[in-house]
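Q: The sequence shown begins at 16 in the working numbering and counts up by one. Below is a structure I'd like to ask you about.
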Amino acid sequence: MVYATADGTSRQCLRVGMVGGGRNAFIGAVHRLAMRLDDQIALVAGALSSDPENAAASAAEIGIAPERSYADYRAMAKAEAARADGIEAVVIVTPNHLHAPIATAFLEAGIDVICDKPLSTKLAEAEALVALTKAKQRRFVVTLNNTGYAMVRQAREMVAAGELGRIVSVHGAYIQDWLTKPIDAEGQKQAEWRTDPARAGQSAVLADIGVHAFNLASFVSGFEADAVSADLFTAVPGRRLDDNAHVLVRWTGGARGTILASQTSPGHYNDLSVRIYGEKAGLEWSGSRPEELRFSPYGEETRTLVRGGHGSTAEARRVSRMPAAHPEGYIEAFANFYRDAADIIRAHREGGTADPARVAQVPDVVDGARGVKFVAAAVESNAAGGAWTAARFGG
């Protein structure tokens with residue numbers, strides 16, 4: 016059984032449009048599934064493909080009216096901004112190189128943005144998006160959605176409350192195996208664009224999954240990356256971009272740690288994890304068992320905290336909605352992201368102020384820019400033979 020946890024308040028759905036995510040695309044359908052769980056978001060428009068025929072067919076399949084299906088995102092931004100019932104936010108689920116120009120077009124039209132990661136492929140673009148979002152006084156969130164897991168939020172609260180003491184080390188990892196073979200060279204669509212420098216950016220593995228590991232480690236610890244020393248490499252001969260990355264990190268506050276990302280590790284379908292160790296205790300969380308959080312006070316027996324069980328924080332309980340170990344549990348985190356993002360955008364558009372605690376749980380354009388800075392610094396460090404490279408955004 017899957018159930019929503021909306022608060023029961025009668026409210027109008029947030030009207031959104033989507034750019035990308037048409038037929039045969041991967042991530043668009045995941046976004047649509049997540050945003051439906053609470054019935055707080057209505058998808059009413061889309062530029063689902065740059066091919067007009069595919070855009071129209073894709074829109075028809077998911078119930079978007081023909082007059083609100085567009086083959087060009089610029090036309091969509093202009094037309095929707097002019098409608099009395101136009102979209103209030105756009106969801107961007109295209110290849111990486113299109114994120115910045117699409118987001119810019121909608122921000123200029125006065126429309127809030129929900130953008131897939133990474134924020135952009137170039138640091139200058141990320142900086143420009145941060146500045147434009149501020150200038151236009153819009154809301155811009157980035158789907159670094161793993162912050163939506165209940166026990167991830169509990170871990171963040173435990174660290175902030177000092178239960179680990181002074182933090183010594185912070186480690187994030189994201190390990191997969193789907194690129195172990197050269198499926199990109201064989202024409203597999205998702206692999207082909209993700210390993211193309213023109214569309215993926217300077218790094219494949221860091222832009223695709225490394226930013227998730229980095230953001231998760233930063234979110235739970237509360238730290239930013241001061242500097243990195245990186246070793247990026249390509250395990251599959253002939254591949255145009257890296258598929259593995261080992262990054263040493265110097266975190267703010269003096270902690271040290273690592274970010275590991277691999278897409279050529281057999282036996283790991285989708286293994287995301289974070290480990291944080293302090294003077295008093297350690298915390299470990301893994302997406303393979305997202306309902307659990309391992310807490311290890313020094314000199315005491317390790318305890319496994321279970322979502323919804325004894326010791327769960329109020330925030331962890333608020334965002335728990337699926338049975339433990341549900342095979343589609345990742346949708347819970349994505350749905351939590353969308354529910355909170357909708358509340359934040361709605362409050363802003365209505366002239367109010369969203370709960371600051373809620374806002375802090377949802378990665379925004381600055382968090383997205385931090386991820387871009389991390390990728391750029393790692394690429395620069397790798398090119399310099401692993402030399403320590405400044406990685407703090409804005410610093």
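By construction, the Cβ of each residue, glycine as well, lies at the ideal position given by its N, Cα and C atoms. These numbers were taken from a predicted model, which means no experiment stands behind them.
#1: Just to confirm before moving on: does the CB-CB distance between VAL174 and ILE79 stay below 8 Å?
#2: Of all the options GLN169, ILE42, VAL106 and LEU48, which has the alpha carbon lying nearest to the alpha carbon of ALA329?
#3: Who are the near neighbours of LYS196 in its chain, counting only those whose CB is closer than 8 Å to its CB and skipping five residues on each side?
#4: Rounded C-beta distance between SER84 and ALA70? I'm assuming under 8 Å.
#5: May I ask which residues mark the beginning and end of the beta strand (DSSP E) holding PRO312?
#6: Return the residue from the list ILE126, LEU29, ALA405 and VAL45 that minimises the CA-CA distance to GLY36.
#7: Indicate the three-state DSSP secondary structure (helix, strand or coil) for ALA350 in the structure shown.
#8: Please classify GLU201: does DSSP put it in a helix, a strand, or coil?
#9: ARG214 by DSSP, collapsed to three states: which one?
#10: For my contact list, GLU347 and ARG336 are in at a C-beta cut-off of 8 Å; report their separation, rounded to the angstrom.
#11: Three-state secondary structure (DSSP) at GLY177?
#12: Any idea if PRO81 is buried or exposed, counting beta-carbon neighbours within 10 angstroms, 16 or more meaning buried?
#13: At what residue ranges does the stretch 94 to 167 contain a whole run of the beta strand (DSSP E), taking only runs of 3 or more?
#14: Using a Cβ-Cβ cut-off of 6 Å (strictly less than) and excluding sequence neighbours within five positions of TYR189, which residues of its own chain qualify?
#15: Assign ARG98 to one of two classes, buried (16 or more other C-beta atoms within 10 Å of its C-beta) or exposed (fewer than that).
#16: Please identify the residue among GLY32, ARG154, HIS112 and ALA242 whose C-alpha is closest to the C-alpha of ILE77.
#17: With DSSP run on the structure shown, which of helix, strand or coil describes ILE171?
#18: Which residues in the same chain have their Cβ closer than 7 Å to the Cβ of GLN376, if we skip the five residues on either side of it in sequence?
#19: Closer than 7 Å by C-beta to SER135: which residues in its own chain qualify, once you throw out the five before and the five after it? Chain order, please.
#20: Look at the Cβ atom of PHE41, then the Cβ atom of GLN191, and state whether they are nearer than 8 Å.
#21: GLU299 lies in the beta strand (DSSP E); which residues open and close that run?
#22: What residue from ALA62, VAL106, ASP87 and LEU63 has the CA that sits closest to ILE56's CA?
#23: Pop quiz: SER244 and GLY401 are said to be a contact at Cβ under 8 Å. What is the actual Cβ separation, rounded to whole angstroms?
#24: Tell me the DSSP bridge mates of ALA57?
#25: Between the Cα of PHE155 and the Cα atoms of ILE126, ILE182, PRO371 and ALA260, which residue gives the shortest distance?
#26: Looking at C-alpha atoms only, which residue of ARG407, GLU299 and SER73 is the closest neighbour of VAL264?
#27: Can you tell which of GLY324, GLY314 and LYS295 has its C-alpha closest to the C-alpha of GLU307?
#28: Let's see if you can read the secondary structure: which residues bound the beta strand (DSSP E) around HIS186?
#29: With distance defined between alpha-carbon atoms, name the residue in TYR353, ASP246, LYS132 and GLY253 nearest to GLU395.
#30: Do you know whose CA, among ASN160, PHE310 and MET91, lies nearest ASN230's CA?
#31: I need the straight-line Cα distance from TYR284 to ILE129, nearest angstrom please.
#32: Return the bridge partner residues of ILE274 from the DSSP annotation.
#33: Any idea if ASN39 is buried or exposed, counting beta-carbon neighbours within 10 angstroms, 16 or more meaning buried?
#34: Within this structure, are the beta carbons of VAL380 and THR109 separated by less than 8 Å?
A: According to the structure data:
#1: Counted from its first residue, the sequence shown places residue 174 at position 159. Counted from its first residue, the sequence shown places residue 79 at position 64. No, they are not a contact pair.
#2: The residue you call residue 329 lines up with position 314 of the sequence shown. Answer by Cα proximity: GLN169.
#3: The residue you call residue 196 lines up with position 181 of the sequence shown. Excluding residues within five positions, the ones whose Cβ falls inside 8 Å are VAL251.
#4: Counting from one through the sequence shown, the residue named residue 84 turns up at place 69. Counting from one through the sequence shown, the residue named residue 70 turns up at place 55. Yes, they are in contact, since the Cβ atoms of SER84 and ALA70 sit about 6 Å apart, within 8 Å.
#5: Against the sequence shown, residue 312 aligns to sequence position 297. 307 to 312 is the extent of the beta strand (DSSP E) around PRO312.
#6: The sequence position of residue 36 within the sequence shown is 21, counting from 1. Looking at the Cα atoms, VAL45 is the closest of the given residues.
#7: Numbered from its first residue, the sequence shown carries residue 350 at position 335. ALA350: helix per DSSP, three-state reduction.
#8: For this step, residue 201 is matched to residue 186 along the sequence shown. GLU201: coil per DSSP, three-state reduction.
#9: If you number the sequence shown from 1, residue 214 lands on position 199. Here ARG214 sits in helix by DSSP.
#10: Taking the sequence shown and counting its residues from 1, the one referred to as residue 347 is at position 332. Taking the sequence shown and counting its residues from 1, the one referred to as residue 336 is at position 321. Confirmed, Cβ separation roughly 6 Å.
#11: Taking the sequence shown and counting its residues from 1, one reaches residue 177 at position 162. Coil.
#12: Counting from one through the sequence shown, the residue named residue 81 turns up at place 66. PRO81 should be labelled exposed.
#13: 104 to 108, 127 to 130 and 155 to 157
#14: The residue labelled residue 189 in the question sits at position 174 within the sequence shown. Here the set comprises ILE224, HIS227, ALA228, ALA276 and LEU287.
#15: As a working mapping, residue 98 is identified with position 83 in the sequence shown. Exposed.
#16: Here the question's residue 77 lines up with position 62 in the sequence shown. The shortest C-alpha separation from ILE77 is found at GLY32.
#17: Locating residue 171 in the sequence shown gives position 156, counting from the first residue. According to the sequence shown, residue 171 is Arg rather than Ile. Looking at ARG171 - three-state DSSP - the assignment turns out to be helix.
#18: What you label residue 376 is simply residue 361 of the sequence shown in a count that begins at 1. Excluding positions up to five away in sequence, the list reads THR162, ARG168 and ASP355.
#19: As a first step, residue 135 is located in the sequence shown; it is residue number 120 there, counting from the start. Hits under 7 Å: HIS114, ALA115, ALA141, LEU144 and VAL387.
#20: The sequence position of residue 41 within the sequence shown is 26, counting from 1. The sequence position of residue 191 within the sequence shown is 176, counting from 1. It is not a contact, given that the beta carbons lie outside the stated cut-off.
#21: Locating residue 299 in the sequence shown gives position 284, where the first residue counts as 1. Looking at the DSSP string, the run of the beta strand (DSSP E) that includes GLU299 is 296 to 301.
#22: Indexing the sequence shown from 1 puts residue 56 at position 41. The shortest C-alpha separation from ILE56 is found at VAL106.
#23: Here residue 244 refers to the residue found at position 229 of the sequence shown. Here residue 401 refers to the residue found at position 386 of the sequence shown. Confirmed, Cβ separation roughly 5 Å.
#24: Taking the sequence shown and counting its residues from 1, the one referred to as residue 57 is at position 42. Beta-bridge pairing links ALA57 to ARG30.
#25: As a working mapping, residue 155 is identified with position 140 in the sequence shown. Residue ILE126 is the option with its Cα nearest to PHE155.
#26: Locating residue 264 in the sequence shown gives position 249, counting from the first residue. With distances taken between Cα atoms, VAL264 lies closest to ARG407.
#27: Mapped onto the sequence shown, residue 307 falls at position 292. Checking every option, the nearest Cα to that of GLU307 belongs to GLY324.
#28: Residue numbering aside, residue 186 sits at position 171 when the sequence shown is read from its first letter. Here the beta strand (DSSP E) through HIS186 covers 182 to 190.
#29: The residue given as residue 395 occupies position 380 in the sequence shown. When only C-alpha atoms are compared, the closest one is ASP246.
#30: Counted from its first residue, the sequence shown places residue 230 at position 215. Comparing Cα positions, the closest option is ASN160.
#31: Within the sequence shown, the letter at position 269 stands for residue 284. Within the sequence shown, the letter at position 114 stands for residue 129. Those two C-alpha atoms are separated by around 27 Å.
#32: Position 259 of the sequence shown holds residue 274. ILE274 pairs with GLY187 and VAL262.
#33: As a position in the sequence shown, residue 39 is number 24, starting the count at 1. It counts as exposed.
#34: Indexing the sequence shown from 1 puts residue 380 at position 365. Indexing the sequence shown from 1 puts residue 109 at position 94. Contact flag unset, no.
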